[in-house]
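Asker:
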Amino acid sequence: MTTEPNSKFPEPSFNGKHSRSMRLWHWSSFLAMSGSLITVLLAKTLFNTKSNIALVQDTLNEAKISVSADQAKSVSHEFNDLLWHWHIYIGYALSALFLFRIIFEFFQPKEQKVIPILKNTLKALKMPGADKKYIKHYLLVRWLYVILYLSLFTQACTGLFMVYSDDVENLKTIRHNVSDIHSFNMWVIISFIVLHLGGVIMSELGKRNKGVVSEMINGGE
Ligand code: HEM
Ligand code: HEM
Numbered sequence: 362m363t364t365e366p367n368s369k370f371p372e373p374s375f376n377g378k379h380s381r382s383m384r385l386w387h388w389s390s391f392l393a394m395s396g397s398l399i400t401v402l403l404a405k406t407l408f409n410t411k412s413n414i415a416l417v418q419d420t421l422n423e424a425k426i427s428v429s430a431d432q433a434k435s436v437s438h439e440f441n442d443l444l445w446h447w448h449i450y451i452g453y454a455l456s457a458l459f460l461f462r463i464i465f466e467f468f469q470p471k472e473q474k475v476i477p478i479l480k481n482t483l484k485a486l487k488m489p490g491a492d493k494k495y496i497k498h499y500l501l502v503r504w505l506y507v508i509l510y511l512s513l514f515t516q517a518c519t520g521l522f523m524v525y526s527d528d529v530e531n532l533k534t535i536r537h538n539v540s541d542i543h544s545f546n547m548w549v550i551i552s553f554i555v556l557h558l559g560g561v562i563m564s565e566l567g568k569r570n571k572g573v574v575s576e577m578i579n580g581g582e
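Numbering (this note's numbering), first residue to last: 362 to 582.
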């Protein structure tokens, strides 16, 4: 087995080219994911069903209309539900974007494909005189992207399952466990976003990898 990195491959580096499909996927997913997280944040805080019951009752009381806690709860619940509907619409978009990500992977130039990049980076690490510290860091980041892709897949599957299982009586018990996975996975995704933004900012502030963000915008031509 040879330890020569593939000659077609550029050296492992955060600076590089990104296909049009990748850029379209990246920025659309960024917008959709931000929207999805905003719906969760609002549904769990400002539009939380329980905490708005008193608000509905007080507001109606001012107009001399008295409603029971249960009646106020159903109004408050409607607003909460509206946000979950938006969460689901955005969820469909995110799932479609993930499908698009899988499809265009087959049409990516080899040096921009997930698995060949990992293989080439491992080879480069074994080369004499390799900058091991930089390449190991690069490899770690590439693995983080793989974890994110797996988390997005899990999120889309569990989300779509919850939409489907809402009307199926037999699936109600499993739905509970699936919902737990979906909620936990959100923290995996949020952790990725924090690390990713930190990494991107450090790259732009440092000397070695300036321009990574413009490359994700203009393709790095
Ligand atoms: C929801 C938020 C985001 C997600 C889920 C996300 C996801 C990703 C993924 C999966 C990749 C790797 C693509 C690949 O080569 O397979 C990537 C690369 C990149 N992202 Fe993001 N991203 C997000 C937000 C952002 C933001 C806000 C910026 C810039 C301000 C940014 C800048 C970049 C850059 C510069 C790269 C290329 C770095 C490299 O090649 O390693 N991302 N992003
Ligand atoms: C960035 C991606 C996503 C995040 C962070 C996220 C997060 C969440 C969270 C925290 C909940 C609340 C769970 C609970 O309290 O029981 C939830 C519920 C839900 N999500 Fe997602 N989700 C994402 C993507 C999706 C996708 C792709 C779908 C698929 C359409 C989806 C469909 C649902 C459904 C159906 C619910 C249940 C709503 C209800 O109980 O009425 N989500 N999501």
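C-beta: ideal position from N, C-alpha, C; glycine also.
Computed from a predicted structure; not experimentally measured.
Nearest-angstrom Cα distance between ILE578 and SER374?
Answerer: Between the C-alpha atoms of ILE578 and SER374 there is a straight-line separation of about 17 Å.
Asker: DSSP on MET523, reduced to helix/strand/coil?
Answerer: DSSP places MET523 in the helix class (H, G or I) of the three-state scheme.
Asker: I need the boundaries of the alpha helix (DSSP H) containing GLU439, first residue and last residue.
Answerer: Where GLU439 is concerned, the enclosing alpha helix (DSSP H) stretches over 430–466.
Asker: Measure the alpha-carbon distance for ARG384 versus GLY580 and round it to whole angstroms.
Answerer: 7 Å
Asker: Which runs of the alpha helix (DSSP H), 4 residues or longer, sit entirely within the stretch 470–505?
Answerer: 475–487
Asker: Taking the alpha carbon of ASP431 as the reference point, which residue from LYS425, GLU439 and ALA424 has its own alpha carbon closest?
Answerer: GLU439
Asker: Which residues bound the alpha helix (DSSP H) around LEU392?
Answerer: 381–405
Asker: Around ligand 2, what residues have a beta-carbon under 6 Å from a heavy atom of it, in chain order?
Answerer: MET394, SER397, LEU398, VAL401, TRP445, HIS448, ILE449, GLY452, TYR453, LEU455, SER456, GLN516, ALA517, GLY520, LEU521, MET523, VAL524, SER540, HIS543, SER544, MET547 and ILE550
Asker: Can the beta-carbon of ILE451 be found closer than 8 Å to that of SER397?
Answerer: yes
Asker: The alpha helix (DSSP H) spanning ALA424 covers which residue range?
Answerer: Premise fails: ALA424 is in no alpha helix (DSSP H) and is neither H nor E.
Asker: Kindly confirm or deny that the stretch 545–553 and the stretch 502–519 touch, where touching means at least three C-beta pairs closer than 8 Å.
Answerer: yes
Asker: Determine the DSSP secondary structure at THR410, reduced to helix, strand or coil.
Answerer: Coil, per DSSP.
Asker: Along the chain, which unbroken stretches of the alpha helix (DSSP H) at least 4 residues long are found entirely within the stretch 527–576?
Answerer: Segments of the alpha helix (DSSP H) lying fully in the stretch 527–576: 533–566.
Asker: Does DSSP put SER590 in a helix, a strand or coil?
Answerer: Residue 590 lies beyond the residue range present for the chain, which begins at 362 and ends at 582; the question has no answer from this structure.
Asker: What does the alpha-carbon distance come out to for the pair LEU521 and LEU458?
Answerer: 14 Å
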